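Have a look at the structure below before the remarks.
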Ligand code: B12
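In this note's numbering, the protein residues as written are 6 to 259.
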């Protein structure tokens, strides 16, 4: 029988609780002092879609331009979430909840404006042929959209030929592939080869449970990434001019 002294556990947790600062407290220190923008930033951080829309409505009534609220308010909220996630204060589900609220906010801003919103760039995402595991791909897609990218989501179990024609048609800055099975991930190599045969040299960022860095390193356009939250960062780097080599240097473990 294992003897556990419950008071020892309680003391341990109390000490931990007293010493640690909560993510909400850190976020409060990062919020803007602009009283019109702050409720939007706060609502994105909290991941509350209704509050995001309500706060956006109020800001537009106060004379703010709907489209500039995407960068000035929604992105600020998501930026705080990303920072706290990178620093280990938040977990992926927190990021996803905020990303959904952010995506709703972007849609609301787009519909409230008569001007056309410029996306940062286009990304094609898919789950590889023979594979129906699409939860990770959905996360990647929502995070990219929340960061201002137009994502052409091809879905799951996508034929190689469909991926290639989508890339030729849409001319994305990056291709995002997901595979969850050791049997299906080999198709990434085939996609890589067909892209090269078509003279296409965009970074092909690959993730999903089964995929490992050594495997992705084995084909020319492959960039390995474990974490969905890195997808928008990688796309941002590509827009700044990074190619496969630079992305591998930054995101591959050495
Ligand atoms: C849920 C699940 C299912 C669901 C899928 C539902 C759905 N709509 O997705 C169902 C029940 C349908 C299913 C079916 C099957 N499954 Co299944 N399934 C799983 C399970 C339990 C979880 C997978 C998952 O969603 N993980 C959570 C997501 C969020 O993780 P993720 O996709 O990896 O994404 C994360 C990262 O990888 C990253 N990421 C993903 N993509 C990308 C892309 C980029 C660019 C970036 C930057 C990051 C990134 O972002 C995410 C978050 O950080 C796993 C077991 C496990 N523990 O993983 C088995 C598992 C994947 N399944 C497995 C198998 C074998 C099957 C079946 C063949 C079972 C059967 N005999 O029928 C079928 C396959 C059907 C098919 N043709 O695809 C095996 C695969 C084994 C292997 N290594 O090959 C696993 C590993 C279970 C096991 N241990 O055996 N499955």
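Don't be surprised by glycine CBs; every beta carbon is placed ideally from N, CA and C. Note that this is a predicted model, so its numbers are computed, not measured.
Item, Value
"Can you tell which of 151, 26, 91, 258 has the C-alpha that lies nearest to the C-alpha of residue 52?", "151"
"Hey, residue 129 and residue 157: beta-carbon distance below 8 Å or not?", "yes"
"Could you tell me the distance, in whole angstroms, from the CA atom of residue 1 to the CA atom of residue 92?", "Since the displayed the chain opens at 6 and closes at 259, residue 1 lies outside it and no answer follows."
"Taking 7 Å as the cut-off, is the beta-carbon of residue 64 closer than that to any non-hydrogen atom of ligand 1?", "no"
"Can we count residue 104 as close to ligand 1, meaning its CB is less than 7 Å from some heavy atom?", "no"
"Looking at the strands, I want to know which residues DSSP matches up with residue 127.", "155"
"Short of 6 Å in beta carbon distance, which residues of its chain neighbour residue 48, apart from the five on each side in sequence? Order them along the chain.", "56, 57, 60"
"Less than 7 Å separating the Cβ of residue 257 from some heavy atom of ligand 1?", "no"
"For residue 230, report the span of its beta strand (DSSP E) as first-last.", "That residue, residue 230, is in no beta strand (DSSP E); it is neither H nor E in DSSP."
"With DSSP as the reference, please indicate the residues paired to residue 182 in a beta bridge.", "131, 211"
"To which residues of the same chain is residue 7 closer than 8 Å at the C-beta, ignoring the five residues directly before and after it?", "Reliability of the predicted coordinates at residue 7 is poor, the pLDDT of 38 falling under 50, and no value is obtained from them."
"So is the beta-carbon of residue 151 under 7 Å away from any non-hydrogen atom of ligand 1?", "no"
"Spatial neighbours of residue 15 within its chain, please: CB distance less than 7 Å, with the 5 preceding and 5 following residues excluded, ordered by chain position.", "Note that residue 15 has pLDDT 33, beneath the 50 cutoff, so the model's placement of it is unreliable and the number below is only indicative. Cβ within range, chain order: n/a, list empty."
"According to DSSP, what are the bridge partners of residue 163?", "133"
"State yes or no: is the C-beta of residue 216 within less than 8 Å of the C-beta of residue 179?", "no"
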